[in-house]
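Visitor: Residues in the sequence shown are numbered from -14 upward in steps of one, following the working numbering.
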Amino acid sequence: MALKYRRPVSVILVMGMTGAGKSSFIQHLTDCDVKIGHGMLPCERTSEIGFYSLTLGNRAVTLVDTPSFDDKNRSDLEILQEIIYFLGLIYSSTSVKLAGIIYLQRMTGLGIQSSARRCQNIIEALCGKSALSHLVLATTMFESENPWEEERIVRRWFQYHWGFSLKSVAAVYRHDDTKKSAWRILNYILSLQGGMVLEIQREMIDQRKTLDQTFIGQQLLK
């Protein structure tokens, strides 16, 4: 089964932990009534995939609000299977292209949690190194108003916790929870040449591996 549209569609995954601002980011772009959680109750979380469409000139875009990997009511494996199913539909389609991933990272309370580290490991394993060139990191909820201090904190934080240089990703943006900021990030990711092919798509579709045989599957099943 594959997704079929009358015209080409660019798909962008919006990812991040609970409370990073995924839903409000999408709301800025689509004006849709997206349920916004504050990380206090399980019912406030993005518990299943949501799809939000918009048109930019002649270009059709679908933003995909993905579940967070820090949901205590669902396992990482269950969430991953839901995301992978959708990624398989995209990969098999001739009219739908994965344009990239926007990963929102809250920069308040920077003490690293095990769930944050696990989530970032999953994203890296999901993408594979070759796809990082279409991954945009968007920082949210900064406490500092000093741009030089912010840049230093971001660079050190991502290099330490993500384990790779920021030069590996497409770009790093400071998202200040405004429409202007959200559109700037969206326009940038849509300007990137070519589509994004994830490691998990290559493994499960091209190489016909089962989830437990993939790199990310082996990491989760350890």
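Backbone N, C-alpha and C define an ideal beta-carbon position, used for all residues, glycine too.
In angstroms with no decimal places, state the Cα-to-Cα distance between Ala5 and Met126.
Guide: Translated into positions along the sequence shown, residue 5 becomes position 20. Translated into positions along the sequence shown, residue 126 becomes position 141. The alpha-carbon atoms of Ala5 and Met126 are separated by roughly 8 Å.
Visitor: Just the C-alpha distance for Leu183 and Gln192, rounded to the nearest angstrom, thanks.
Guide: Within the sequence shown, the letter at position 198 stands for residue 183. Within the sequence shown, the letter at position 207 stands for residue 192. Computed Cα separation, rounded: 13 Å.
Visitor: Could you pull the DSSP bridge partners for Met189 from this structure?
Guide: For the purposes of this step, residue 189 is taken as the residue at position 204 of the sequence shown. For Met189, which the question treats as bridged, DSSP gives no partner whatsoever.
Visitor: May I ask which residues mark the beginning and end of the beta strand (DSSP E) holding Val91?
Guide: What you label residue 91 is simply residue 106 of the sequence shown in a count that begins at 1. At residue 91 the sequence reads Arg, which differs from the Val that was named. Segment Val81 to Arg91, the beta strand (DSSP E) holding Arg91.
Visitor: Within its chain, find whatever has a CB closer than 6 Å to the CB of Ala116; leave out the 5 residues flanking it on each side and keep chain order.
Guide: On the sequence shown, position 131 is the one that residue 116 refers to. Cβ neighbours of Ala116 beyond the five flanking positions: Met181 and Leu183.
Visitor: What residue from Asp16, Trp142 and Gly35 has the CA that sits closest to Val(-4)'s CA?
Guide: Along the sequence shown, one-based indexing puts residue -4 at 11. Closest option to Val(-4), Cα to Cα, is Gly35.
Visitor: Which ranges would you report for the alpha helix (DSSP H) in the region -3 to 76 if only whole runs of at least 4 residues count?
Guide: Qualifying alpha helix (DSSP H) stretches, in chain order: 7 to 15 and 61 to 76.
Visitor: Specify, as a first and last residue, the run of the alpha helix (DSSP H) that Leu205 falls within.
Guide: Residue numbering aside, residue 205 sits at position 220 when the sequence shown is read from its first letter. Residues Phe200 to Leu205.
Visitor: Output yes or no for whether 8 Å exceeds the beta carbon distance between Ala259 and Ile68.
Guide: Since the first residue shown for the chain is -14 and the last is 207, residue 259 is missing from the structure and cannot be characterised.
Visitor: Helix, strand or coil for Val154? Go by DSSP, reduced to three states.
Guide: On the sequence shown, position 169 is the one that residue 154 refers to. If DSSP states are grouped into helix, strand and coil, Val154 belongs with coil.
Visitor: What number of angstroms, rounded off, separates the C-alpha of Leu177 from the C-alpha of His119?
Guide: As a first step, residue 177 is located in the sequence shown; it is residue number 192 there, counting from the start. As a first step, residue 119 is located in the sequence shown; it is residue number 134 there, counting from the start. Each residue's alpha carbon lies about 7 Å from the other.
Visitor: Counting along the chain, where does the beta strand (DSSP E) carrying Asn122 start and finish?
Guide: For the purposes of this step, residue 122 is taken as residue 137 along the sequence shown, with counting starting at 1. Here residue 122 turns out to be Leu, not Asn, going by the sequence shown. Per DSSP, Leu122 belongs to the beta strand (DSSP E) from Leu120 to Thr125.
Visitor: Which one or two residues does DSSP pair with Arg137 in a beta bridge?
Guide: On the sequence shown, position 152 is the one that residue 137 refers to. None; Arg137 has no bridge partner.
Visitor: Rounded to the nearest angstrom, how far is the Cβ of Val139 from that of Val121, given a contact under 8 Å?
Guide: The residue you call residue 139 lines up with position 154 of the sequence shown. The residue you call residue 121 lines up with position 136 of the sequence shown. Rounded, the Cβ-Cβ distance is 13 Å, inconsistent with contact.
Visitor: Which of the three DSSP states is assigned to Ser231 in this structure?
Guide: Examination of residue 231 is not possible in this model, given that the chain is present from -14 through 207 alone.
Visitor: My guess is that Val49 and Leu(-2) are in contact by the Cβ rule of under 8 Å, so how many angstroms apart are they, rounded?
Guide: What you label residue 49 is simply residue 64 of the sequence shown in a count that begins at 1. What you label residue -2 is simply residue 13 of the sequence shown in a count that begins at 1. The Cβ separation is near 5 Å, so the contact holds.
Visitor: Between Ala45 and Leu175, is the Cβ-Cβ spacing less than 8 Å?
Guide: Residue numbering aside, residue 45 sits at position 60 when the sequence shown is read from its first letter. Residue numbering aside, residue 175 sits at position 190 when the sequence shown is read from its first letter. No, the Cβ-Cβ distance between Ala45 and Leu175 is not below 8 Å.
Visitor: Tell me where the alpha helix (DSSP H) around Leu171 begins and ends.
Guide: Position 186 of the sequence shown holds residue 171. Taken as a continuous stretch (DSSP letters only), the alpha helix (DSSP H) holding Leu171 covers Lys164 to Ser176.
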